[in-house]
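Read the structure below first, then the notes.
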Amino acid sequence: MKKKSRTAATNLSLFLIALPGILYLLINNYAPMLGIFLAFKNYSLMKGPFKSDWCGFDNFEFLFKTKDAWIMTRNTLLYNTAFIIIGTVAAILVAILMCELGEKKRVKFYQAVMLLPNLLSWVVIGFIAYAFLNADTGFINNTFLRWLGLDPVAWYSTPGAWPIILVIVNLWKNIGYQSIIFMAAISGIDKSLFEAAAIDGASKLRQIRSITLPLLKPTIITLTLMSVGRIFYSDFGLFYQVPQNSGAIFATTQTIDTYVYRGLMELNNVGMSAAAGLYQSIVGFVLVLIANQIVRKLDADNALF
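Quick note: the sequence shown, position 112, residue 128 per our numbering, numbers continuous.
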């Protein structure tokens, strides 16, 4: 009886620890799914969500007949693909360099400096970017371009520059946080492997190539699969706050999330916003299944399911 009561107390404690996370998932991930039916309704504020007229697939038809569907889908996929590839490579590189520094105080200092941008809100980062990119008083126009003898650039009216700008801003904000996971994985590698390699005459680069990277493969695959699961979801703050909602650059900054927000807040088109969100979720789910199946065929041990 004592053993059963002790087990029950342990399970209750674990459940209470997990309860905030469970509530978060229920409120933010599962409860909104009840509104899926709005994607198939001609929503009216006067009639409300339940009494509004059904319209079948009209919201989807209207969405995909506009050029916005192609633009937001293309931008969301290409940006997230770039973030996954560039972010993963940069985070691994930073994690390896951090682990090679040796001195703990030095590592903690650099880690804190690189983690600081991740703690800033996108609103703050948007104003920092504006301080650099403003056409009249921006740091880039008044320093680098002036030193090079080039004319000032109206960055918030130049769509072609924003793929590079957004990738750099995203990397600057998230690389410190992403590298922590890889640093933890590297710290868990048996140090005797490196010592044996050093005795055999292997250089640091050879140790990284032959020991560190192969043992990081499960972590890389898991994180990549998780990222693929959200490849149809963009970071709303990055794509809305940093470009300052400038209509002149929508061609290269509009993603599905910003389109849903603008459709809801500016056009009051609840049905189309719901249709875009449902489209986003279904395609993201399918991509996870495809990516996991590819990993299963290449290396079944590292597949998520």
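Just so it is clear, CB atoms sit at the ideal spot from N, CA and C, and this is done for glycine as well. Source: prediction; values computed, not measured.
From the options, residue whose alpha carbon lies closest to that of residue i
i	options	result
residue 94	321, 75 and 178	178
residue 74	56, 86 and 63	56
residue 292	40, 92 and 127	92
residue 175	207, 215 and 87	87
residue 45	303, 294 and 306	294
residue 9	109, 169 and 136	Residue 9 is absent from the structure shown; the chain starts at 17 and stops at 321.
residue 246	162, 298, 166 and 312	298
residue 64	287, 315 and 79	287
residue 305	79, 159, 244 and 270	244
residue 170	314, 161 and 149	149
residue 84	317, 278, 155 and 310	278
residue 187	105, 82, 270 and 81	105
residue 98	206, 122, 132 and 180	180
Straight-line gap, residue i to residue j (C-alpha atoms, nearest Å)
i	j	result
residue 58	residue 157	47 Å
residue 67	residue 51	13 Å
residue 268	residue 282	20 Å
residue 327	residue 208	The displayed coordinates of the chain run from 17 to 321. Any statement about residue 327 would go beyond what the structure contains.
residue 28	residue 35	10 Å
residue 183	residue 232	24 Å
residue 69	residue 54	10 Å
residue 114	residue 77	51 Å
residue 153	residue 62	47 Å
residue 49	residue 307	24 Å
residue 216	residue 117	22 Å
residue 100	residue 32	34 Å
residue 89	residue 266	13 Å
residue 43	residue 264	36 Å
residue 242	residue 167	43 Å
residue 226	residue 25	46 Å
residue 204	residue 41	30 Å
residue 251	residue 214	43 Å
residue 230	residue 121	28 Å
residue 23	residue 38	21 Å
residue 313	residue 321	12 Å
Span of the alpha helix (DSSP H) around residue i
i	result
residue 275	272-281
residue 184	178-203
residue 309	286-314
residue 109	83-117
residue 126	120-135
residue 138	138-149
residue 260	Unbroken run through residue 260: none, as it is neither H nor E.
residue 208	207-215
residue 67	64-67
residue 54	No alpha helix (DSSP H) contains residue 54, which DSSP labels as neither H nor E.
residue 238	229-245
Under 8 Å between C-beta atoms of residue i and residue j
i	j	result
residue 228	residue 255	no
residue 190	residue 103	yes
residue 126	residue 260	no
residue 107	residue 219	no
residue 193	residue 134	yes
residue 185	residue 140	no
residue 240	residue 197	no
residue 237	residue 111	no
residue 60	residue 172	no
residue 289	residue 303	no
residue 248	residue 165	no
residue 253	residue 138	yes
residue 272	residue 309	no
Residue-chain proximity (residue i, chain D), Cβ-Cβ < 8 Å
i	result
residue 73	Annotation note: the requested chain D is absent from the structure, which comprises a single protein chain.
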